[in-house]
Amino acid sequence: MNYYQDITLLPSDDIGMHFLWSKVMMQLHLALVEIQDANQKAPVASSFPNYREAAQNKPAYVGNKIRLFATNKADLERLNIQKWMNRLEDYLHIKSISEVDPSKVQGYESFSRLRKPGNVDYMIRRRMKGLDKSHEEASDYFKDYKVSDNFKRLPFIQMKSLQKDREFRLVVKRKTLEQAVETDFVFNTYGLNKDVALPKF
């Protein structure tokens, strides 16, 4: 990833950080949908430089900045993020597109969306139907099920689905990687892909 563009969120008394994140990610999602390919993949990545998982007395936090990456400068120009964020310009500081300085890279990381494990009642019904089990058998199978502590430690952004008109949590997981690996630099329409190493600086 050779080019990047930083967006810093600037909450105020009337617009809080969580609300602002929701609006920023929705606009980014719409922008990436506009430039996605036939496989619904986009050439621009999202990174969260100040990301933090919950630990001790500190809550999980996505940070106050999103860094957009692209292999080619033209992809960030085509994204034209300023246009998509124009209604939020009083609450954002959007820097110009810059080239990644290899001497400042401290390591590599990836960011991905982690979906919440399913609702137990829903999984019981699926097991009953798919495997022709009784309610008692299916319930017994899931008796020790619980959401892992790892999932609870991850930060999220509250989103609203435009298709289904319902709210959901965009849970973001960071993974530290040893080195950049040659791969297809494509991402979902939130700019996330667990297999692509992004420079950390």
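Its first residue numbered 1, the sequence shown is counted upward by one per residue in my numbering.
Ideal Cβ positions, reconstructed from N, Cα and C, are used throughout, including at glycine.
Just reading off the beta strand (DSSP E) that residue i is part of, what are its end residues?
i: M159; result: F156 to K160
i: S47; result: V44 to S47
i: L198; result: N193 to K200
Tell me which residues share the same chain as residue i and place their Cβ nearer than 8 Å to its Cβ, disregarding the 5 neighbours each side in the sequence.
i: Y108; result: T176, L177, E178, Q179, A180, A197, L198, P199 and K200
i: W84; result: Q27, L28, L30 and A31
i: K65; result: D6, I7, T8, L9, F48, P49 and N50
i: I97; result: Y3, Y4, Q5, K73, L76 and E77
i: K152; result: A54
i: T71; result: M1, N2, Y3, P43 and F185
i: K160; result: S22, M26, R166, E167 and F168
Is it right to say residue i is buried, meaning 16 or more other beta carbons lie within 10 angstroms of its own, or is it exposed?
i: L30; result: exposed
i: Y91; result: buried
i: K24; result: Reading the sequence as shown, one finds Val at residue 24 and not Lys. Buried: at least 16 other Cβ atoms inside 10 Å.
i: N193; result: buried
i: F111; result: buried
i: V105; result: exposed
i: P43; result: buried
i: A38; result: exposed
i: S251; result: Absent from the model: residue 251. The displayed extent of the chain is 1 to 201, so no value can be given.
i: L68; result: buried
i: Y190; result: buried
i: L131; result: exposed
i: V33; result: exposed
i: L162; result: exposed
Which partner residues does residue i have in the DSSP bridge list?
i: I66; result: I7
i: A54; result: A54 is not bridged to any residue.
i: S12; result: In the DSSP output, where bridge partners are listed per residue, S12 has none listed.
i: F185; result: According to DSSP, F185 bridges with nothing at all.
i: Y122; result: Looking at the DSSP assignment, Y122 forms no beta bridge with any residue, so it has no partner.
i: Y190; result: Beta-bridge pairing links Y190 to no other residue.
Ends of the alpha helix (DSSP H) at residue i?
i: S202; result: This structure does not reach residue 202, given that the chain is present from 1 up to 201, and the question cannot be answered.
i: L177; result: First-last for L177: E167 to L177, but that is the beta strand (DSSP E), not the alpha helix (DSSP H).
i: L76; result: K73 to L79
i: E137; result: H135 to Y141
Apart from the five residues on each side of it in sequence, which residues of its chain come closer than 7 Å, Cβ to Cβ, to residue i?
i: L154; result: E53, A60, L114, V171, V172 and K173
i: Q158; result: H18, S22, E167 and R169
i: T183; result: D195 and V196
i: Q82; result: I94
i: E99; result: N2 and Y3
In chain order, what residues of the same chain have a beta carbon less than 6 Å from the beta carbon of residue i, not counting five sequence neighbours either side?
i: A206; result: In this structure the chain extends from 1 to 201, so residue 206 is not present and cannot be described.
Output the residue ranges of the beta strand (DSSP E) runs that lie fully inside the segment 91 to 118 and measure 3 residues or longer, sorted by chain position. The beta strand (DSSP E) runs lying completely inside the segment 91 to 118 and spanning 3 residues or more are 92 to 94 and 107 to 113, given in chain order.
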